[in-house]
Amino acid sequence: MKRSVDILKEVFGFDSFRRGQGDIIEKILKGQDVLGVMPTGAGKSLCYQIPALTLGGVTVVVSPLISLMKDQVDALLQNGVRAAALHSAMEWEEVRGILSSVRRGRIGLLYVAPERFENAPFRELFSTLDLRLFVIDEAHCVSQWGHDFRPSYLKLSAAVELLPRRPPVAAFTATATPEVRDDIVVRLNLKDPFVLTTGFDRENLFFQVEHPADKTAFLLDYVEKFSGSPGIVYCSTRRTVEKVCEELGKKGFPAVRYHAGLSEEERRTNQEAFIRDHRPIMVATNAFGMGIDKSNVRCVVHYNMPGSIDSYYQEAGRAGRDGSSAECVLLFAPKDIVTARFLIEQGEDAGSKQTAYRKLQSMIDYCNTGRCLRAHILNYFGETDVKNECAACGNCVSVTERRDITTEAQKILSCVYRMEERSGRQFGITLLIDVLRGSHNAQIRTLGFETISTWGLMKEYHRQEIREMINFLTADGYLKVSGEYPVLSFTDRTRPFLRNREKLLMRRHEPRKTRVTGARKEAGATADGELFGLLRGLRRELADAQNVPPYVVFADSVLHSICAAMPANGEEFLAIPGVGRTKLEKYGHRFLDLLNRWRAGRL
Ligand code: ADP
Ligand code: MG
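Residue 433 in the working numbering sits at position 220 of the sequence shown, and the numbers go up by one each step.
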């Protein structure tokens, strides 16, 4: 039997396993069921592809979306692995043809849509295959707790039980909540599975929040720095999509748009142009993304704040699926809160409104916190073992000064206390600011707030300035916002803070200009940017000729390694991580030729 690391090198071109891969492969080869819970981009596919190549016979992989299956099959074919997909749009004749190739040993990896298992003739054929491993990818689809429940997934365990000999069953997902995990084990009937969980964190993503005065100007500047790398700009409404796409177009950026108001034809064309890197900037509503597996997205910009961290992490998570660095930036403005509240009012029934508002508040807190953004997200998802600093988010690497607002915070919190003491009620942010600024409006007079000790304590501050501080206090847990008409109240942290007079530092919201992150450097804004651009051009040409997406030919990381290593012959080319035997034969000479001409100054 070939060693797994040798297959890793020869077929896929990688030198070492990533975290978890080696363990999972070993257990599968021993015949044990496994459940791998690893974040997107961690490398779940190799965990079953390598055993498939070792075990012989056929490995069947259930995958929920046609586009995912196609990408996987294309990528395997590129590496010289014989694979095929059976999706729901196929004619029965075609299905039979593929199954007969499987039976003749021509295809070792077969991707199948879950709906196939609802079909009795298919189940019958399935039970006659020499099945050595059964894989369920995106296994959270079996759980009603998950976000993409697919009833057909419930049929899978029965299909396995009917087999004359039960192969090991391996399930994979990026959804790490305990309910979903337990559900997967039960509903797929995994037998004494080896469960490996590496958590929610996407280590290659850089998170950042900006509060720009002019979002469009910020975006244009930002996109410029990514020089031609693929990116997605999410907007909360169709109208904003139109506006932003037009602005980008006017400045000559290759942007396309996507939202539910466009014809199906235009949506398809635009999506295709994006996936193939012909027009690498996608401006879209949240209607875009389901079933898209473009792995080389280098940045996801949220032009507006989404309604919850759940949505945010899912959308932002479309960056960097290839595991190379990528950035997720959220452009916040107070108006986004108004839009988000409006959408909740329109969309939710009374019962779920409360939950929706609570989720919205966590999202707002994310935008205002001075602490680690990654920790904020991971805590939200209930991950307990989280570091306080990550070194890869806007707040942790921030180069801006912080402002000491200890005194201001004491004034604000005392005022919240006095207002409640006087009236026996709680109030929202607007009235709190009015009282602090010593306003004389009717409500203040009626409630008698002109006579409390904190009235007018912050006369000399702008409304906006006070608002920012209150938002900061809320985000960092010194004040709580609750209710449909949000009111402020103390938290467990408030009294200790007032008692101990801890120092409180607030980060300023001016956009930073200086920092260049990994993703942006890799995007080509550096000295070898020109060569990188040429390599990217060649990759696109080769991909177009075969009618596959460019990232299937080579991941971005491969092009960067080529830039860095400048291989001069086949042997050196084979040493590039991500280049296996097949790709060396297919593409080696084209890339070596380009590099030769580049060295000779002939490009
Ligand atoms: P997931 O299914 O977990 O989201 P994939 O299986 O699609 O992730 O892998 C993401 C990327 O990581 C792919 O481009 C893959 O080639 C790359 N990759 C996987 N394993 C390794 C490894 N051991 N070394 C280097 N790159 C890897
Ligand atoms: Mg995957």
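Ideal Cβ positions, reconstructed from N, Cα and C, are used throughout, including at glycine.
This one's a predicted model, so the numbers in the text were calculated from it and none came from an experiment.
- Close Cβ partners of Cys580 (< 7 Å) along its chain, the five nearest in sequence each way excluded: Val422, Met518, Leu543 and Phe545
- Tell me whether the beta-carbon of Ile241 lies closer than 8 Å to the beta-carbon of Leu346. yes
- Message: In the DSSP assignment, the alpha helix (DSSP H) including Thr704 goes from what residue to what residue?
- Response: Careful: Thr704 lies outside any alpha helix (DSSP H) and carries neither H nor E.
- Between Glu621, Phe225, Asp228 and Val648, which lies nearest to Glu633 when the distance is taken from Cα to Cα? Val648
- Query: Between which two residues does the alpha helix (DSSP H) carrying Cys776 extend?
  - Reply: Asp769 to Ala778
- Cβ-heavy atom distance between Ser258 and the ligand MG below 7 Å? yes
- Pair within 8 Å by beta-carbon distance, Gly474 and Arg451: yes
- Neighbourhood of Arg650 by C-beta, 8 Å cutoff - its chain only, sequence neighbours within 5 removed: Gly669, Met671, Lys672, Tyr674, Arg676 and Ile679
- To the nearest angstrom, report how far apart Arg712 and Val551 are at their CA atoms. 35 Å
- Query: Taking 8 Å as the CB-CB cut-off, is Leu375 touching chain C?
  - Reply: In the structure shown, chain C does not exist; there is a single protein chain.
- Residues in its own chain within less than 8 Å of Pro699 by CB, not counting five upstream and five downstream? Tyr570, Gln574, Gly641 and Ile642
- Give the range of the alpha helix (DSSP H) segment to which Thr552 is assigned. Lys548 to Gly560
- Excluding sequence positions up to five away, which residues of its chain have a Cβ less than 8 Å from the Cβ of Ala738? Residue confidence for Ala738 is low, a pLDDT of 43 falling below 50, so the modelled location carries little weight; the figure read from the coordinates is stated next. Lys438, Phe439, Ser440 and Val729, listed in sequence order.
- Item | The beta strand (DSSP E) enclosing Val273, as first and last residue numbers | Val271 to Val275
- Task: Go ahead and label Val399 buried or exposed: buried means 16 or more other beta carbons lie within 10 angstroms of its beta carbon, across all protein chains shown.
- Result: exposed
- Item | Whole-Å CB distance - Val436 paired with Ile494, under 8 Å assumed | 7 Å
- Task: Could you check the C-alpha separation between Gly244 and Gly233 for me, to the nearest Å?
- Result: 17 Å
- Item | Ala622 versus Asn499 - alpha carbon distance | 37 Å
- Message: Taking 7 Å as the limit between beta carbons, can you name the residues of its chain near Ser280, skipping five residues before and five after?
- Response: Gly504, Ile505 and Asp506
- Query: Thinking just about the alpha-carbon of each residue, which of Ser538, Leu718 and Leu248 is nearest to the one in Ser770?
  - Reply: Ser538
- Task: Starting from Thr386, follow the beta strand (DSSP E) in both directions and report where the run begins and ends.
- Result: Val382 to Thr386
- If you drop the 5 nearest sequence neighbours on each side, which residues of the same chain put their C-beta closer than 8 Å to that of Leu751? Arg803, Phe804 and Leu807
- Query: Can you list, in chain order, the residues of its chain whose CB lies under 7 Å from that of Lys283, leaving out five sequence neighbours each side?
  - Reply: Ala298
- If you draw a straight line from the C-alpha of Trp811 to the C-alpha of Ile238, how long is it? 41 Å
- Beta-carbon proximity of Val694 to Leu686, cut-off 8 Å: no
- Query: Which one of Arg480, Leu418, Val308 and Thr429 has the shortest CA to CA distance from Gln527?
  - Reply: Leu418
- Item | the segment 379-388 in contact with the segment 341-357 per 3-pair CB rule at 8 Å | yes
- Item | Cβ-heavy atom distance, Ala777 to the ligand ADP, below 7 Å | no
- Could you give the C-beta distance for Pro790 and Gly226, rounded to a whole number, given that I count them as a contact under 8 Å? 6 Å
- Check whether the Cβ atoms of Pro406 and Leu248 sit closer than 8 Å, and answer yes or no. yes
- Would you decide whether Gln656 is buried or exposed? Buried here means 16 or more other CB atoms lie within 10 Å of its CB. exposed
- Query: For the beta strand (DSSP E) that contains Glu423, what are its first and last residues?
  - Reply: Leu418 to Glu423
- Query: Out of curiosity, what's the CA-to-CA distance linking Arg658 and Ile665?
  - Reply: 11 Å
- Query: Using CA coordinates, which residue listed in Leu556, Cys603 and Thr707 is at the minimum distance from Leu626?
  - Reply: Thr707
- Item | Among Val446, Leu660 and Tyr447, nearest to Ser636 - alpha-carbon criterion | Leu660
- Within 7 Å: the Cβ of Gln484 and any heavy atom of the ligand MN? This structure lacks the ligand MN; its bound ligands are the ligand ADP and the ligand MG.
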